[in-house]
Amino acid sequence: MYLYDQYDQAMVDARVAEFRDQCQRRIDGKLSEDQFKPLRLMNGLYLQLHAYMLRVAIPYGTLNGRQMRALGDIADTFDRKYGHFTTRQNIQYNWIKLEEAPDILEALAKVEMHAIQTSGNCIRNISSDHFAGAAADEVADPRPYAELLRQWSSFHPEFSYLPRKFKFAVIASETDRAAMRLHDIGINIVRGDAGELGAAFYVGGGMGRTPMIAPLIRDFVPLDQLITYTEACLRVYNRYGRRDNKYKARIKILVHELGAQEYTRQVEEEFAHLLTQGIEPPRAELERIKSYFVDPAFDANAPDVIDRTDPDFAVWVDRNTHPHKQHNYVSAVISLKPVGGIPGDATADQMRLMAELGEAYSFDELRVIHTQNIVLPHVRKADLFTLWQKLVEAGLGTPNLDQIGDIIACPGLDYCSLANARSIPVAQKISERFAASGKGEALGELKLKISGCINACGHHHAGHIGILGVDKKGVENYQLLLGGSEAEDTSLGKITGPGFSEDGIVDAVETAADVYLRERQNGERFLDTYRRIGMEPFKEALYG
Amino acid sequence: MKILTGNDLKSGAVTWWTGVDWSLHVEEAVDVGDQAGSIAAREESARRVNAPYAIDAERDERGVRPAHIKDRIRALGPTVRPDLTLKPADPKAGSWVI
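Going line by line, the protein sequences match chains P and F.
Residue 850 is where the first sequence ends in this note's numbering, and the numbering goes up by one at each step.
Residue 246 is where the second sequence ends in this note's numbering, and the numbering goes up by one at each step.
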């Protein structure tokens, strides 16, 4: 994985010193809250429902053991012994003290991490496929391109004050595991007709109050023009994005209002101009970055068999492992969704254990998934049973990947000042309901996502079943959506009808699941059945 | 009644105006009537509170209860982590929020 050079480290260290001074000036009264707020947000520090919240960037979700251990230690020293992994592959701490925030940033800088650009109207953390570099189906490792974009976008003077926040996802396979088309810019590394690599650009996707699927605006950009084309996309947005109305300021609105064709025409015009300016980083820089992402020294002689004698282990293998490009390895997913637990939360001890397991069994690599789980990308099949035993012992061995218990949930009204309703208790009740009934297993793949407000941090638009919490005259109410997907068959869920109470929404999810179980054919997933039979049978069952 | 709330500048903790100081406990909040703006301005400029604002509340047999669920959660703590609330030993504390 990428390691900081002297420039990266110097930039991050300088930012820590600068923010320490800014915090002290705020505490001393030399800065008002209005003056300080944009400064703290640029360092990932929010003021949330109960305290300050710090969001730490995890570039494309990749961590080494030392970094994961540091995250655990920060949870112990500066927070309340836990952290929350987010749908942007980051981690958030909920109980931060302003006077200690610079110390946390200093601790992060020591392990090549920071919280820069995790808030504000700038280019946020670049997300990617959590199986990058391990997946059998990728045409290339997307992380070097994500890293190049990270370096390009860090402190970019032209794009530090965009009309609104801006999110990238970079993948390199036909299977989309990163909700690529639901980002401001989604980049898919693809092969051209002659076998050369290039980038397909999807621009103007997003969730939030106006969900949109990004249209393809160019199917092949040569990789030695990647940054130039990206810059052209951003320039057109920066020039014409709606700064007068924050609800219409995302690039998706611009692309929609201009039309993809006209937006593309303007991008191409800007691109042609930028090609004359020589802004593309030297090829040597990309090659330098690539050198950090070479394959680890896989053991070609490791056994290619998994002893499935233990039935619980066999279930976990089936649910929570993913094929690896090396036949005798797999990628193993650690579920942060125990039955009745808080999706995405991990204790300091669990983080340190995951760090240890990553070091011992996965070439010192871990990944955060946008579904709020953790991946050990390169695990020898021969080590799986031992790994599983250690996970189970720590409460991390739940075999529920992509099942109804593997719920994405935003922090909701329990923590977030923007939320209208609580998300976590709903997730807990659904998880417990389906675990108790045993239906989770019968349902197979069913992706359920819950947001506590229209900002959609819980990706409810993209859930096979989505739940949106709203405020109905001061009382929590929950809308049910069906038919969303954030995979390569991206679609947006549709609202079933009137909303439900907290307990009512749990019943409604079970009702929808029962319709699926009754109607499914030939191994269909919930989503397939919904797409075949449409909304009506579900509405009939829900509302009669 | 109108009560005044904000966050402690250094710790970020939720605080409530008691008439003379800021408290972690909403039951100590007092009715500020139409004085919310002047109290908030004075206290914020003295850095005794951060981002103060007034909310509606009512007084019942259990004390002061904010009108909106968001402020009740702010007053108690996350409903999903009773151990992290101000009343970790009170199993009924969560019902006060809902």
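A virtual CB, placed ideally from N, CA and C, is assigned to each residue, including glycine.
Fair warning: this is a prediction, and the values are worked out from it, not measured in the lab.
Open item on the list: Tell me the rounded alpha-carbon separation between D651 (chain P) and R207 (chain F).
Closed with: 36 Å
Open item on the list: Please state the DSSP three-state secondary structure of P200 (chain F).
Closed with: strand
TODO: Could you name the residues of the same chain whose beta carbon sits closer than 6 Å to that of G718 (chain P), not counting the 5 residues immediately before and after it, in chain order?
DONE: A725, R728, S729, I730, G758
- [ ] Taking only beta carbons into account, state which residues of the stretch 204-222 of chain F come closer than 9 Å to chain P, listed in chain order.
- [x] A215, H216, I217, K218, I221, R222
- [ ] Could you confirm whether any beta carbon from chain P is found closer than 8 Å to the beta carbon of S159 (chain F)?
- [x] yes
Open item on the list: Determine, for L719 (chain P), whether the minimum Cβ-Cβ distance to residues of chain F falls below 8 Å.
Closed with: yes
- [ ] With 9 Å as the limit, tell me which residues of the stretch 350-361 of chain P have their beta carbon closer than that to any beta carbon of chain F; keep them in chain order.
- [x] L353, Q354, L355, H356, A357, Y358, M359
TODO: Specify, as a first and last residue, the run of the alpha helix (DSSP H) that Q312 (chain P) falls within.
DONE: 312-333
Open item on the list: Does the CB of L749 (chain P) have a neighbour CB from chain F at under 8 Å?
Closed with: no
Task: Neighbourhood of R483 (chain P) by C-beta, 6 Å cutoff - its chain only, sequence neighbours within 5 removed - done: D435
TODO: With distances taken Cα to Cα, identify the nearest neighbour of L754 (chain P) among P:I760, P:H766, P:E747.
DONE: P:H766
Open item on the list: Among the candidates P:A666, P:G805, P:K471, P:V322, whose CA atom is the shortest distance from the CA of L414 (chain P)?
Closed with: P:V322
Open item on the list: Contact criterion: CB-CB distance below 8 Å. Does R196 (chain F) meet it with respect to chain P?
Closed with: no
Task: Neighbouring residues, chain F, relative to R728 (chain P) (Cβ below 7 Å) - done: T227
Open item on the list: Taking only three categories from DSSP, how would you classify Y366 (chain P)?
Closed with: helix
Open item on the list: Let me see if you follow: with CB-CB separation under 8 Å, is A199 (chain F) close to chain P or not?
Closed with: yes
- [ ] Might you give, ordered along the chain, the residues of its own chain that have their beta carbon closer than 8 Å to the beta carbon of A847 (chain P), omitting 5 neighbours on each side?
- [x] T817, A818, D820, V821
- [ ] Show which residues of chain F have a CB atom less than 7 Å away from the CB atom of R386 (chain P).
- [x] L232
Open item on the list: Taking the alpha helix (DSSP H) that P344 (chain P) belongs to, which residues open and close that run?
Closed with: 339-347
Open item on the list: For the stretch 158-181 of chain F, list every residue whose C-beta sits within 7 Å of some C-beta in chain P, in sequence order.
Closed with: K158, S159, G160, A161, V162
- [ ] Decide yes or no for the touch test of the stretch 388-395 of chain P against the stretch 690-703 of chain P: beta carbon pairs closer than 8 Å, at least 3 of them.
- [x] no
- [ ] Could you confirm whether any beta carbon from chain F is found closer than 8 Å to the beta carbon of K336 (chain P)?
- [x] no
- [ ] Please list the residues of the stretch 400-429 of chain P that have a C-beta atom closer than 7 Å to any C-beta atom in chain A, keeping them in chain order.
- [x] As a matter of chain content, chain A is missing from the structure shown, whose protein chains are P and F.
Task: Partner residues on chain F for E792 (chain P), Cβ-Cβ distance less than 7 Å - done: Ordered by position in chain F, no residue passes the 7 Å Cβ test against E792 (chain P), which lies about 25 Å from the chain.
Task: CA-to-CA distance, Y535 (chain P) to E576 (chain P), given in whole angstroms - done: 9 Å
Open item on the list: Does the CB of Q330 (chain P) have a neighbour CB from chain F at under 8 Å?
Closed with: no
Task: beta strand (DSSP E) segment containing P683 (chain P), residue limits - done: 680-686
- [ ] Could you tell me whether the stretch 769-779 of chain P touches the stretch 788-802 of chain P, using the rule of 3 or more Cβ pairs below 8 Å?
- [x] yes
Open item on the list: Assuming Q572 (chain P) is part of the alpha helix (DSSP H), what are its boundary residues?
Closed with: 566-581
- [ ] Using a threshold of 8 Å, state whether the C-beta atoms of V509 (chain P) and I519 (chain P) are closer than that.
- [x] no
TODO: Go ahead and label H676 (chain P) buried or exposed: buried means 16 or more other beta carbons lie within 10 angstroms of its beta carbon, across all protein chains shown.
DONE: buried
Task: At least 3 beta-carbon pairs within less than 8 Å: the stretch 395-410 of chain P vs the stretch 355-369 of chain P - done: yes
Task: First through last residue of the alpha helix (DSSP H) which encompasses N706 (chain P) - done: Unbroken run through N706 (chain P): none, as it is neither H nor E.
Open item on the list: Counting beta carbon pairs with one atom in the stretch 832-840 of chain P and one in the stretch 159-174 of chain F, are three or more of them shorter than 8 Å?
Closed with: no
Open item on the list: If you measure between the beta carbons of N155 (chain F) and T163 (chain F), is that distance less than 8 Å?
Closed with: yes
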